[in-house]
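Remarks on the structure that follows.
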Amino acid sequence: MSDTLHVLKALNDQIVWNDWKPWLTSTAVWYDRFVKDYDALPFHENEQAAVSVMVGGAARADYLATAENSVRRTDGRLGRPDLWIEMNDRQYWFELKRFTGNPEKYSILARIKDAKEQLAKYSFENNEYAIAGVVVTHLRSQWASAYLEAAKLQNVSMVVRFGKQPKHWSYIYFSVLELGACSKKS
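Residue numbers (the numbering used here): 307 to 492.
Laid out in structure tokens, this is it:
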């Protein structure tokens with residue numbers, strides 16, 4: 307695994323982890339290259355910048371991926387989750403939210419809840435996974451323990467940290483939704 311990717315909370319689902327490991331490792335390499343070449347955090351600017359690095363990581367891992375791909379909503383209209391990745395005949399749909407505030411004052415779980423509410427509007431098939439995520443950037447050293455405490459939360463399935471040095475760190479908190487928690491196509 308890349309020395310710039312750190313798993314702070316491991317995913318319980320081994321199948322999903324085996325799919326995600328090459329993607330997250332490749333994303334970490336892109337992330338680190340961006341930090342090295344531009345001395346900037348690629349996840350910091352906006353949600354689309356973060357998603358574009360994740361799409362690049364998926365492509366580098368030889369997965370198919372797009373940002374803002376269309377999926378049918380439960381009301382029959384089309385919607386666009388932030389990220390879609392096909393890995394080993396499984397499809398992963400991500401709704402991501404950014405978080406740049408004080409985790410002691412504002413809740414990372416509230417942002418996960420926002421993402422889950424968005425995902426609840428979509429219809430997924432049996433080989434599809436819905437993932438709510440929160441990308442945390444603009445870190446302050448005085449909040450470091452709060453970021454780690456948030457990793458222990460029950461509604462958080464996995465937490466990864468990108469970056470080699472504390473000033474370059476960004477976190478992604480993932481919550482893998484049960485397919486029953488989302489609407490399924492019949």
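We put the beta carbon where it would ideally sit given N, CA and C, even for glycine.
Rounded to the nearest whole angstrom, the C-alpha separation of residue 431 and residue 396 is 10 Å. Spanning the alpha carbons of residue 482 and residue 320 requires a straight line of approximately 13 Å. The C-beta distance from residue 476 to residue 441 rounds to 7 Å, short enough to meet the 8 Å contact threshold.
Runs of alpha helix (DSSP H) with 4 or more residues, each lying fully within the region 318-352, are found at 320-344, listed in chain order. If you look at residue 392, you'll find it in the beta strand (DSSP E) that goes 389-393. Relative to residue 364, the option among 436, 330 and 413 whose CA is nearest is 330. As the crow flies, the alpha-carbon of residue 382 is around 35 Å from that of residue 407. In this structure residue 435 touches residue 322 by the C-beta definition: roughly 7 Å separates them, less than 8 Å. The beta carbon of residue 368 sits closer than 6 Å to none of the beta carbons in its chain outside the five residues before and after it. Annotated three-state conformation of residue 453 is helix, per DSSP. Assignment of residue 460 by DSSP, reduced to helix, strand and coil, places it in the coil class. Burial check for residue 325: the Cβ neighbour count within 10 Å reaches 16 or more, so the residue is buried. Taking a cut-off of 8 Å on C-beta distances, the region 337-344 does not touch the region 447-457, as fewer than three cross pairs fall below it. Residue pairing of residue 315 in beta bridges, as defined by DSSP: 465. Distance check between residue 388 and each of 356, 416, 311 and 370 places 356 closest, using alpha-carbon atoms only. Residue 403 and residue 421 do touch by the CB rule: their CB atoms are close to 5 Å apart, below 8 Å.
By the criterion of a C-beta distance shorter than 6 Å, residue 390 is surrounded in its chain by 372, 375 and 399, once the five residues flanking it on both sides are discounted. Around the beta carbon of residue 446, a 10 Å sphere encloses fewer than 16 other beta carbons of the protein chains shown; the residue is thus reported as exposed.
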